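Participant: Per this note's numbering: the sequence shown ends with 330, consecutive numbering throughout.
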Amino acid sequence: MVTPTELPGQVAGTPDAGLVVRALAFVRARGIGAELPAGESVLSHAMLRILDGLRVDDAARAAACLFPVAAYVPDCEADIEADFGEEVARLVKGVRQLLRIGAIAVTQAEAQEAGKNEGEARHEQVEALRKMLLAFAQDIRVVLVRLASRLQTLRWLAQAKRAPLPGVARETLDIYAPLANRLGIWQMKWELEDLAFRFEQPDTYKRIARLLDEKRIEREGYIASAIERLQAELAEAGI
């Protein structure tokens, strides 16, 4: 988990490190102690390590630090624009709008499923939401920040051994993992699926993990045996 003490050191070598450091200071001054719905602190949710892997610019990194605190501080978006400029403020606004649209769409999908075949209704609603999210986010950085935010939340929940809010795991499997796949971010897609499945189907996840572990032990034993045979044959041949 990314912690407040780790964050400043992570950005020291970036091209515009000052922008991200200022964003962290802004959050610390206004949001320290505030918690996101999952229970994670606003500051620890800055998710800079994930965004490092996506190679986003520092405006997006600053927006990732700033958007959670906007939910807790009145008129915060105006302060963000004044302190960080129009580009960062636009990204913060875009991520927050994406959060609201996602929540509304999932609620509508659940309501409409009641009157239709479950599989058909879910497929139609999810596909519509994926297209809407991509169409809405004219700046792809908004989508990347949102994906990183969801991944950071799931990582934190897994490490803290806390259950996500209802619907978060299913939403991740239906919406965010496929979005990451469509954008070609396959490592993120795999991790989103893995973490969400762990929460959505914990018993099945544990069973699969146990089987994989047994296979791993079996493979390691086979490799060790093969190495011993090879070493013996090499020694016999004087090599």
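Quick reminder that beta carbons are idealized off the backbone N, C-alpha and C, glycines included. Keep in mind the model is a prediction, meaning the values are calculated, not measured.
1) At the level of alpha carbons, what is the spacing between Leu-189 and Asn-272?
2) Have a look at Tyr-267, Asp-148, Leu-245 and flag the residue whose alpha-carbon is nearest the alpha-carbon of His-136.
3) Three-state secondary structure (DSSP) at Glu-126?
4) Within 8 angstroms, do at least three Cβ pairs link the stretch 253–269 to the stretch 165–175?
5) Among the residues of its own chain, which have a CB less than 7 angstroms from the CB of Phe-117, if the five just before and after it don't count?
6) Should Val-145 and Leu-235 be called a contact, given that it needs their Cβ atoms to be closer than 8 angstroms?
7) Decide if Arg-301 is buried, meaning its Cβ has at least 16 other Cβ atoms within 10 Å, or exposed.
8) By the 10 Å Cβ neighbour count, where 16 or more other Cβ atoms means buried, how is Gln-243 classified, buried or exposed?
9) Please go through the same chain and pick out, in chain order, the residues whose beta-carbon is closer than 6 angstroms to the beta-carbon of Leu-274, but skip the five residues on each side of it.
10) Runs of 4 residues minimum, wholly inside the stretch 242–266: which ones carry the alpha helix (DSSP H) assignment?
11) In whole angstroms, what is the alpha-carbon distance linking Glu-168 and Arg-241?
Facilitator: With the given structure in hand:
1) One C-alpha to the other measures close to 18 angstroms.
2) When each option's Cα is compared against that of His-136, the closest is Leu-245.
3) Three-state DSSP puts Glu-126 in a strand.
4) At 8 angstroms Cβ cutoff, the stretches do not touch.
5) Here Phe-117 has Leu-157, Asp-174 as same chain residues with Cβ atoms under 7 angstroms from its own Cβ, once five neighbours each way along the sequence are excluded.
6) Before going further, note that residue 145 is Leu rather than Val in the sequence given. The criterion of a C-beta distance shorter than 8 angstroms is satisfied by Leu-145 and Leu-235.
7) So Arg-301 ends up on the exposed side.
8) Classification for Gln-243: buried.
9) Around Leu-274: no qualifying Cβ.
10) The stretch 242–266 contains these whole alpha helix (DSSP H) runs: 259–262.
11) So the alpha carbons of these two residues sit roughly 21 angstroms apart.
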